[in-house]
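Chains A and B are the protein sequences, given in the same order.
Be aware that the first sequence starts at 1, since it is given in our numbering, and climbs by one per residue.
Be aware that the second sequence starts at 171, since it is given in our numbering, and climbs by one per residue.
Below you'll find the structure, written out as structure tokens, and then a few comments.
Number of protein chains: 2
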Amino acid sequence: MSLQTDLHMKEPITPLAREAMLNIYHTANCIKKRADEFFRSYGLSDVQFNVMMLLGHQGGAEGGLSQAQISAMMLVNRANITALIDRMEKAGLVERTAAPTDRRYNIVKLTGYGRSLLARVEPLYIEEIKQAAVLEPAEQKQLIVMLEKIRRNVSERPLINNKPKTEISR
Amino acid sequence: MSLQTDLHMKEPITPLAREAMLNIYHTANCIKKRADEFFRSYGLSDVQFNVMMLLGHQGGAEGGLSQAQISAMMLVNRANITALIDRMEKAGLVERTAAPTDRRYNIVKLTGYGRSLLARVEPLYIEEIKQAAVLEPAEQKQLIVMLEKIRRNVSERPLINNKPKTEISR
DNA sequence: GGGATATAATTCGCATCTTAACTATATAGC
DNA sequence: GCTATATAGTTAAGATGCGAATTATATCCC
Chain A
1 MSLQTDLHMK
11 EPITPLAREA
21 MLNIYHTANC
31 IKKRADEFFR
41 SYGLSDVQFN
51 VMMLLGHQGG
61 AEGGLSQAQI
71 SAMMLVNRAN
81 ITALIDRMEK
91 AGLVERTAAP
101 TDRRYNIVKL
111 TGYGRSLLAR
121 VEPLYIEEIK
131 QAAVLEPAEQ
141 KQLIVMLEKI
151 RRNVSERPLI
161 NNKPKTEISR
Chain B
171 MSLQTDLHMK
181 EPITPLAREA
191 MLNIYHTANC
201 IKKRADEFFR
211 SYGLSDVQFN
221 VMMLLGHQGG
231 AEGGLSQAQI
241 SAMMLVNRAN
251 ITALIDRMEK
261 AGLVERTAAP
271 TDRRYNIVKL
281 TGYGRSLLAR
291 VEPLYIEEIK
301 QAAVLEPAEQ
311 KQLIVMLEKI
321 RRNVSERPLI
331 NNKPKTEISR
């Protein structure tokens with residue numbers, strides 16, 4: 001389902017449940033667009049900035065993470081990390097170095113430029129997030145609980161009637 | 171901001187607010203992946219299916235909509251609609267026909283195949299949505315209210331300190 | 001030691017999104 | 001009628017997402 005999908009259907013398929021689900025998409029999309037706009041003004045993308053925060057805050061003693069670690073921590077497919085780090089390397093934000101012990105790994109580190117840009121942008125981003133928090137703490141807790149409930153259900157329940165074997169012939 | 175972003179940061183930047191925001195992304199992403207998996211088993215994408223539902227349910231008397239109408243109703247950029255309808259046309263789901271009155275328009279309609287596939291998949295999708303609704307109706311209402319509150323705030327508040335003019339030099 | 005297995009990264013093909021520029025067509029106002 | 005403006009659709013360039021296949025490297029187990 002798209003993040004921005006049939007919000008204007010005249011005949012909602014199910015009344016409230018569907019509205020709640022679509023609201024999640026719509027809200028996530030609004031927040032995403034907002035963040036895009038923010039980071040874009042610094043020549044970054046949201047994903048790039050999040051990689052930089054990862055590297056900046058928990059890049060280990062030497063400040064580096066493997067692509068697999070980045071992939072796992074950001075829940076982004078490995079295949080995407082390759083191109084993402086390519087672009088960030090080209091932009092001078094990070095650099096790949098060879099791992100000493102295991103030649104399968106790349107160690108990705110922030111460059112000096114990446115570090116200074118992070119130091120400049122992160123406080124503003126934190127301020128953004130703070131101002132975006134319109135909900136009371138109690139509401140926030142409630143929201144988190146509800147979303148986790150939804151997520152657990154979505155993850156654990158098997159797909160219904162999922163038998164693509166017999167396709168409709170054209 | 172990615173839908174699947176730094177959920178595992180060891181040092182959350184702001185405690186609860188940030189967690190709530192990230193939860194929205196994460197949940198939306200889970201739901202999206204789930205829907206992707208569902209539609210994929212029928213050779214469709216989520217967006218394609220939503221176009222089919224649009225055309226099937228409110229394609230007007232003759233069952234057709236212009237690309238601009240589809241774009242507006244699905245909140246999808248016009249530029250994306252072109253390629254989307256291209257792919258759906260190639261897959262035999264829809265067809266473009268010329269509008270009689272205004273030669274700028276295409277009228278997009280479901281093909282017979284598209285209509286039959288919709289008739290088959292939609293009930294299963296509705297069942298999916300129903301089962302996905304783990305929240306009580308009262309909770310759903312609450313959730314909707316909170317999400318709308320967040321969305322309004324995100325949309326209306328100006329970006330802070332957004333002055334990209336003076337870039338950090340490398 | 002050597003073969004089977006697992007992991008890290010890359011590559012490929014494809015879908016989707018954005019913005020911006022472009023073409024063709026309508027329409028409104030002088 | 002003619003020019004300015006608006007609208008519909010297309011195209012292009014770039015970022016991101018996915019799954020699947022490939023390559024290089026480690027590791028495990030016999």
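We put the beta carbon where it would ideally sit given N, CA and C, even for glycine.
Neighbour flag for residue i against chain A, beta carbons, 8 Å
i         : result
Arg285(B) : no
Tyr275(B) : no
Chain-order list of residues whose beta-carbon lies under 7 Å from that of residue i (same chain, five-residue window excluded)
i         : result
Leu143(A) : Leu135
Ala35(A)  : Asp46
Residue i at chain B interface by Cβ criterion, 8 Å
i         : result
Leu147(A) : yes
Met21(A)  : yes
Leu143(A) : yes
Own chain residues within Cβ distance below 8 Å of residue i, not counting five before or after
i         : result
Leu117(A) : Tyr42, Leu44, Met52, Leu93
Leu224(B) : Leu235, Ile240, Met243, Met244
Leu254(B) : Val217, Gln218, Val221, Val246
Thr252(B) : Gln237
Glu259(B) : Glu265, Arg266
Cys30(A)  : none
Val121(A) : Phe39, Tyr42, Leu44, Phe49
Beta-carbon neighbours of residue i, restricted to chain B and to distances below 7 Å
i         : result
Val154(A) : Cys200, Ile201, Arg204, Ala302
Cβ neighbours of residue i in the same chain (closer than 6 Å, five flanking residues each side left out)
i         : result
Lys333(B) : Note that Lys333(B) scores 45 on pLDDT, short of 50, meaning its location in the model is unreliable; the coordinates nonetheless yield the value given after this. Counting only Cβ-Cβ distances below 6 Å, and skipping sequence neighbours, we find nothing.
Pro123(A) : none
Any non-hydrogen atom of the ligand HEM closer than 7 Å to residue i Cβ
i         : result
Asn323(B) : Inclusion of the ligand HEM in the displayed structure is not the case, the ligand content being empty and no account of it being possible.
| task | Closer than 7 Å, Cβ to Cβ, to anything on chain B: give me those residues from the segment 67–101 of chain A, in chain order. | result | Listed by position, the residues of the segment 67–101 of chain A near chain B (Cβ gap below 7 Å) are Met73, Met74, Leu75, Val76, Gly92.
| message | At 3 residues or longer, what runs of the beta strand (DSSP E) sit wholly inside the segment 239–283 of chain B? | response | Fully enclosed beta strand (DSSP E) runs of 3 or longer: 264–268, 276–280.
| field | Short-range partners of chain B found in the segment 127–139 of chain A, where Cβ spacing is below 8 Å | value | Identification of residues in the segment 127–139 of chain A having a C-beta nearer than 8 Å to some C-beta of chain B yields Glu127, Glu128, Ile129, Lys130, Gln131, Ala132, Ala133, Val134, Leu135, Pro137, Glu139, given in sequence order.
| request: For the segment 292–331 of chain B, list the alpha helix (DSSP H) runs that are entirely contained and at least 4 residues long, ordered along the chain. | output: Within the segment 292–331 of chain B, the runs of alpha helix (DSSP H) that reach at least 4 residues and sit entirely inside it are, in chain order, 307–326.
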